[in-house]
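Sequential numbering of the sequence shown, starting at 2, is according to our numbering.
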Amino acid sequence: MREMLTGGDLDVLTGDYLAELTMLILGRDRLKDPDAGYARTFLRQLEECLGLAHERGVKVVANAGGLNPAGLADAVRALAERLGVPVRVAHVEGDDVADRHPGSLAAHAYLGGFGIAACLREGADVVVTGRVTDAALVTGPAAAHFGWGPGDHDRLAGAVVAGHVLECGAQATGGNYAFFGTAAATRPGFPLAELHEDGHCVVTKHPGTGGLVDVGTVTAQLLYETAGARYPGPDVTARLDTVRLTQDGPDRVRIDQVRGEAPPPDLKVGVNRLGGFRNEVVFVLTGLDVEAKAALVRRQMEDALAKSRPAEVRWDLVRTDRPDAPTQETASALLRLVVRDPSQENVGRALSGAAIELALASYPGFHVLAPPGKGTPYGVFEGVYVPHGAVDHVAVLHDGRRISVPQPHETAVLDAVPEPPLPEPLPAGPTRRAPLGLVAGARSGDKGGDANVGVWARTDEAWRWLAHELTVDRFRELIPESRELGLTRHVLPRLRALNFVVEGILGEGVAAQHRFDPQAKALGEWLRSRHLDIPESLL
C-alpha cells in the first residue's frame, strides 16, 4: 500500500482481499467471534498509510469487508479517529444471503460496482465492501468519476477488463509469468491502470519498480479464471473476443475496442459449507522396489482401516526418486494417502494409529514426512444463481444515509458465441519433438471445482500452428487427468489464445484439496512442459 501511494500519481487505490477460500476462512472466524469476518490485514496496512492517502487525496476502495463490511467500516472510523485523520468512511452491503442457504458458513452474491460509485459520489474517502466482483473495485470508481450509468456497456466492459488485470496484482507485472526470465521478476511492482472516459485504458506501473508490463503479461491475466468470448458480471458482460492489446511504450499496454453487452439476469452466489474432515499421511519410499513397497503398505493400511473405513480413501504415488541417486532425498518416492469422512474420528485416531503402528512392521526404511494429526475440517464451494432483484444492494454512507442501488434496467441471457474462423495453418515442414512452452505461454486457475487453462502464442506464426494443433483431443492426450472429464475449448483470435475449461478436476473446490495442486495454479505449466512435434521454424 505504501509503495503504491509513494511511487507515483494515483487517484484511487484498490485492494482485492477475497477469494473462494478466503470467504470460508472468514466464515470460520465469525463462528468464533461474531464481530469478526473481515480482513484484519487491511486495518494494519491502513494504520501505516491512511494519513498518507489523505494527504495525497487518494481514495481507498477495498473488498476487505468480507462477511462483515459494516464492522470493518466501524473499525476504520475508530482507527481514523485514533490517528487524527479526518476521513469519511462508507460501506456497501446486501451481498449476504446466508439466511437462504441453511447450513452454510458463508453465502454471498457477487455485487457490481454501482454501490461503490454511490459512496464515492457522496464524498466517501474510504469505501469497504463485502463480496463484490474483483472488477467492481474498478468499475465503481470509474463510473463515479466519469458519470457512467448502467447502460454504458462498452465503457463498463473496458473497466471490467482493466479490473480483471489489476486484481491479479503483481502477476500483471511479471510475477508468476510463463516467460519470467524476461520480466526482471525478483521484485515486481504492482500494476495500475490509467482509465479514460471512453472505456479504454493503459496498464502500467510506477516508474522504477521491478517487473515488466507487456502484451504477454496482460494477456496472461485476461485468460485467468475466464472461459469464452463472454465474460459475465453483475454490471456488464464484457466481450473478451473484442479486446485489442497494443504495446504503448516501455511497461505500458493499451487496452481498447472492448465491447460490452447487458449483464445476465442472475447474480452468482458463492456458497461455502463444511464438507467433513480430512487427514493425510505421506510415506517415504527409498531406494529399490518402490512399487512393491507401496503395494505392501497399501495392503497393510487397507486392512487396518477396514473396521472404520473413511468415506473416501485416495492413494497417490509420486515418483520423485531417481536411480543411483547422489542424495537420499532424490532416491526417495512419496506415497500419499488422503482420507475424508463426515466423522472426525474416522479420519483421526483411526488413521494415525494405523499408520504409526506399522513403523516397525512394514517396508524397509519406513518413515513418514509428518505424523498424521486428529483430522481437520475441510470446506466445499458451490456456485448458485439468484435474480438481481433477490438481493438488496445498498450503499451505506459516512453520515448513515442508505442509498439503494437499483438492479440493471436491461439484462441478456448468455448465449454461446459462434466459434470464430481459425487462421491459415502453417505450411508443412520439418518438426522437432519439444516442450509446448518453448512457443506458448499459459495461465491457469480455479473456479469452484473447475479449472481453466489459457494458452497463448507470442507470434502470428506460432498462433497459426497452436490454433490447429492444440485441439480438445490433444489437450486430453497431454493432460491425462482431463480424459474422463468435461472439456471445452474457446478460441480468442485477437489474443492469439485458446482457453480450456476442465470440469470437475478440482472436486468440490480449493478448500476440499481434491488434488495435489488444489487451485490448478500450475496446471498450465504442466501443459507447457509436455512434448509435441513443433515446426522447426518456430523453435
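Every residue gets a Cβ at the ideal spot worked out from N, C-alpha and C, and that includes glycine.
Query	Result
What residue does the beta strand (DSSP E) around I506 start on, and which one ends it?	It is not in any beta strand (DSSP E) - I506 carries neither H nor E in the DSSP assignment.
May I have the straight-line CA-CA distance separating A171 from T15, to the nearest angstrom?	13 Å
Give, in chain order, every unbroken run of the alpha helix (DSSP H) that is at least 4 residues long and sits entirely within the region 429-479.	461-470 and 473-479
Would you call the CB atoms of T140 and V161 closer than 8 Å?	yes
Touch check for the region 399-412 and the region 275-289: three-plus C-beta pairs under 8 Å?	no
Would G217 and P189 be called neighbours here (beta carbons separated by less than 8 Å)?	no
Which residues does DSSP pair with T489 in a beta bridge?	V502
Between the Cα of L11 and the Cα atoms of L196, P424 and G95, which residue gives the shortest distance?	L196
Extract the residue ranges of the beta strand (DSSP E) inside the region 338-411, only unbroken runs of 3 or more that lie entirely within it.	377-388, 395-397 and 403-405
What is the DSSP secondary structure of A40, reduced to helix, strand or coil?	coil
Taking all protein chains shown into account, decide if Y386 is buried (16 or more other Cβ within 10 angstroms of its Cβ) or exposed.	exposed
When the distance is taken between beta carbons, is G276 closer than 8 Å to E21?	no
Closer than 7 Å by C-beta to P372: which residues in its own chain qualify, once you throw out the five before and the five after it? Chain order, please.	S353 and I357
Is the region 61-76 in contact with the region 112-129, if contact means three or more CB pairs nearer than 8 Å?	yes
Nearest-angstrom Cα distance between V511 and F382?	8 Å
State buried or exposed for K60, treating a residue as buried only when at least 16 other CB atoms are found within 10 Å of its CB.	buried
On a Cα-Cα basis, can you pick out the residue from L32, E425, Y379 and L19 that is closest to A110?	L19
Does the distance from the C-beta atom of P233 to that of P264 stay below 8 Å?	yes
Just checking, does the region 106-125 make contact with the region 87-98 on the three C-beta pairs under 8 Å criterion?	yes
Using the rule of at least 16 other Cβ atoms within 10 Å of the residue's Cβ for burial, across every protein chain shown, is A136 buried or exposed?	buried
Can you say whether F517 is buried or exposed, counting buried as having 16 or more other CB atoms within 10 angstroms of its CB?	exposed
Check S333 in the structure and name its three-state DSSP category.	strand
Using a Cβ distance threshold of 8 Å, determine whether the region 338-353 contacts the region 408-423, with at least three qualifying pairs required.	no
Quick one: residues in its chain with C-beta nearer than 6 Å to the C-beta of T23, no 5 flanking neighbours on either side, listed in chain order?	none
A458 and V440: beta carbons closer than 8 Å?	yes
Considering Q222, what are the terminal residues of the alpha helix (DSSP H) in which it resides?	V216 to L223
What's the call for P481, buried or exposed, on a 16-neighbour Cβ count within 10 Å?	exposed
Let me know the secondary structure DSSP gives L268 once reduced to three states.	strand
Does the distance from the C-beta atom of R279 to that of L106 stay below 8 Å?	no
Please determine, among A184, L138, R156 and A145, the residue with the shortest C-alpha to C-alpha distance to V166.	L138
Looking at the structure shown, is L297 part of a helix, part of a strand, or coil, going by DSSP?	helix
When DSSP labels each residue in this structure, what does L27 get in the three-state scheme?	helix
Pick from A312, E537 and L528: whose alpha carbon is nearest that of G349?	A312
Beta-carbon separation of D134 and P235 under 8 Å?	What sits at residue 134 in the sequence shown is Thr, not Asp. Taking 8 Å as the Cβ cut-off, T134 and P235 qualify as a contacting pair.
I'd like the span of the alpha helix (DSSP H) that includes H207, first residue to last.	Neither: H207 is in no alpha helix (DSSP H) and is coded neither H nor E.
Below 8 Å, how does it come out for the region 223-232 and the region 191-206: are there three or more Cβ pairs, yes or no?	no
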